[in-house]
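Q: Counted from 1, the sequence shown has number 151 at position 151 by the UniProt record's numbering; the numbering is strictly sequential. Beta carbons are placed, not taken as given, at the ideal position from N, Cα and C, and that holds for glycine. Small disclaimer: the values here were computed from a predicted structure and weren't measured. Below you'll find the structure I mean.
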Amino acid sequence: MSCSGNCNCSNNSASQPHTFGGSVGLSVRGQSRTIALAGNPNTGKSTVFNALTGLRQHTGNWPGKTVTRAEGHFTFNNFNYKIVDLPGTYSLLSASVDEEIARDYILFSQPDCTVVVVDATALQRNLNLAFQVMEITHKVVLCVNLIDEAARKGFEIDFESLEKKLGIPVIPTSARRKQNLDRLQQAIEDVCTGKIISKPNIPAPPAALKEAIDQTLPLIESIAPGLPSARWVAYRLIEGDVRIRQALENGELQQLAGIKQPATSNPPTSPSPAPKASQSNPAHDKQSA
């Protein structure tokens with residue numbers, strides 16, 4: 001993947017990691033890498049999944065759920081990737097079983113990269129989910145699919161400008177025509193290895209909600225220092241998210257931060273939900289991308 005002019009890297013230093021407003025990171029090494037595939041329904045997400053994996057896929061159910069779980073594999077630059085096709089959702093607010101599955105997988109399984117598939121003909125509406133994913137993890141690639149449909153309808157998208165505004169790699173694709181899949185795979189590899197370090201530009205929440213988050217954040221950081229998604233966790237606690245409260249009390253979030261919980265310790269006391277400063281997710285109040 002080329003820098004496209006929006007990196008902070010030097011053009012004569014190809015071996016250095018590219019950055020999107022972030023700092024240089026260490027490459028990840030392992031036997032395989034896990035990719036989460038997220039997106040709204042009807043964005044061609046399943047077509048992207050099939051185009052990447054071919055026949056190297058299998059299906060089952062998510063543990064304890066009746067929702068179908070699809071996994072597949074692909075090889076790129078002699079490295080194996082496992083790709084998990086998450087249920088199609090419009091948000092990650094756990095208002096439905098599908099949303100809970102998608103949100104929990106991104107947060108607790110910590111995939112090496114999350115690819116968010118959006119419809120090029122409905123970009124602004126689809127970006128809501130992308131912003132919510134970016135609140136949980138910075139290891140995100142935006143796959144703008146159905147660019148052939150967008151061209152047919154006369155839509156023009158400045159992908160370089162969009163990449164700069166979002167602070168993450170943006171790859172235009174037409175999965176059904178297998179267009180730019182190699183670029184998508186390269187972007188995935190670059191995010192997984194740290195060649196690209198993203199720094200997502202997430203719209204700021206309303207002032208009252210930001211103040212509530214800032215007041216809750218020290219408690220989160222004292223319980224789970226180093227938690228990558230601490231601000232998002234603080235927001236969800238303020239909103240009264242039962243699943244996140246449980247994860248804080250039973251030590252799941254501490255494990256994400258690399259903290260081992262004593263077997264006999266009492267669970268930490270999570271904050272009581274504060275009066276809601278806003279009924280919307282910070283990502284819902286996004287500026288136009």
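What residue range does the beta strand (DSSP E) around residue 108 cover?
A: First-last for residue 108: undefined, no H or E at that position.
Q: Check for me: the beta strand (DSSP E) holding residue 171 runs from which residue to which?
A: Counting along the chain, the beta strand (DSSP E) containing residue 171 begins and ends at 170-172.
Q: Taking the beta carbon of residue 246 as the centre, do at least 16 other beta carbons fall within 10 Å, making it buried, or is it exposed?
A: Exposed, since its Cβ has fewer than 16 Cβ neighbours within 10 Å.
Q: Which residues in the same chain have their Cβ closer than 6 Å to the Cβ of residue 107, if we skip the five residues on either side of it in sequence?
A: Here the set comprises 136.
Q: In the DSSP assignment, what residue or residues form a beta bridge with residue 155?
A: Beta-bridge pairing links residue 155 to no other residue.
Q: Within 10 angstroms of its Cβ, does residue 138 collect 16 or more other Cβ (buried), or is it exposed?
A: Residue 138 is buried by the Cβ-count criterion.
Q: Note the first and the last residue of the continuous alpha helix (DSSP H) segment covering residue 33.
A: No alpha helix (DSSP H) holds residue 33; the beta strand (DSSP E) holding it covers 32-39.
Q: Quick check: what's the CA-CA separation for residue 62 versus residue 33?
A: One C-alpha to the other measures close to 20 Å.
Q: Going by C-alpha to C-alpha distance, which of 117, 224, 225 and 214 sits closest to residue 235?
A: Closest option to residue 235, Cα to Cα, is 214.
Q: Confirm, please, whether the CB-CB distance from residue 118 to residue 39 is below 8 Å.
A: Yes; because the gap between Cβ atoms is below 8 Å, this pair is in contact.
Q: Just verifying my parser: in three-state terms, what is the DSSP assignment at residue 66?
A: Of the three classes helix, strand and coil, the one that applies to residue 66 here is coil, per DSSP.
Q: Please list, in chain order, all residues of the same chain as residue 231 whose beta carbon is under 7 Å from its beta carbon, the five residues on each side excluded.
A: These residues qualify, in order along the chain: 213 and 217.
Q: To the nearest angstrom, report how far apart residue 158 and residue 64 are at their CA atoms.
A: Rounded to whole angstroms, residue 158 to residue 64 spans 43 Å at the Cα level.
Q: Looking only at its own chain, which residues have a Cβ that is under 8 Å from the Cβ of residue 187, when we skip the five neighbours before and after it?
A: Same-chain partners within the cutoff: 1, 141, 169, 171 and 196.
Q: State whether the segment 97-114 contacts the segment 48-58, with contact taken as three or more CB pairs (one from each stretch) at a distance under 8 Å.
A: No, they do not touch.
Q: Locate the alpha helix (DSSP H) running through residue 235, then write down its first and last residues.
A: 230-238 is the span of the alpha helix (DSSP H), which, as asked, contains residue 235.
Q: Here's a check: name, in chain order, each residue in its chain whose Cβ is nearer than 6 Å to the Cβ of residue 84, leaving out the five neighbours to either side.
A: So the list reads 36 and 71, once near-sequence residues are dropped.
Q: What do you get for residue 185, buried or exposed, if any count of 16 or more other CB atoms within 10 angstroms of its CB means buried?
A: Looking at its Cβ environment, which holds 16 or more other Cβ atoms inside 10 Å, residue 185 is buried.
Q: Just to confirm, is the Cβ distance from residue 91 to residue 100 under 8 Å?
A: No, they are not a contact pair.
Q: Please classify residue 267: does DSSP put it in a helix, a strand, or coil?
A: Residue confidence for residue 267 is low, a pLDDT of 42 falling below 50, so the modelled location carries little weight; the figure read from the coordinates is stated next. Three-state DSSP puts residue 267 in coil, outside helix and strand.
Q: Measuring straight from C-alpha to C-alpha, what distance separates residue 146 and residue 49?
A: Going from the Cα of residue 146 to the Cα of residue 49 covers about 14 Å.
Q: Bridge partners for residue 145 per DSSP, in chain order?
A: Partner(s): 119.
Q: Tell me, to the nearest whole angstrom, how far the beta carbon of residue 192 is from that of residue 113; I am working on the premise that it is less than 8 Å.
A: Contact flag correct, Cβ pair sits at about 5 Å.
Q: Classify residue 77: buried if its beta carbon has 16 or more other beta carbons within 10 angstroms, exposed otherwise.
A: It counts as exposed.
Q: Is residue 139 helix, strand or coil by DSSP?
A: In this structure, residue 139 counts as coil in the three-state DSSP scheme.
Q: Within the segment 39-101, note down every full alpha helix (DSSP H) run reaching 4 residues or more, in order along the chain.
A: The qualifying runs are 45-53.
Q: Just confirm the distance between the C-beta atoms of residue 59 and residue 47, as a whole number of angstroms; I'd bet it's less than 8 Å.
A: About 16 Å separates the two Cβ atoms, so there is no contact after all.
Q: Rounded to a whole number of angstroms, what is the C-alpha to C-alpha distance between residue 206 and residue 252?
A: Rounded to whole angstroms, residue 206 to residue 252 spans 29 Å at the Cα level.
Q: Check whether the Cβ atoms of residue 243 and residue 44 sit closer than 8 Å, and answer yes or no.
A: Cβ distance not < 8 Å, so residue 243 and residue 44 don't count as in contact.
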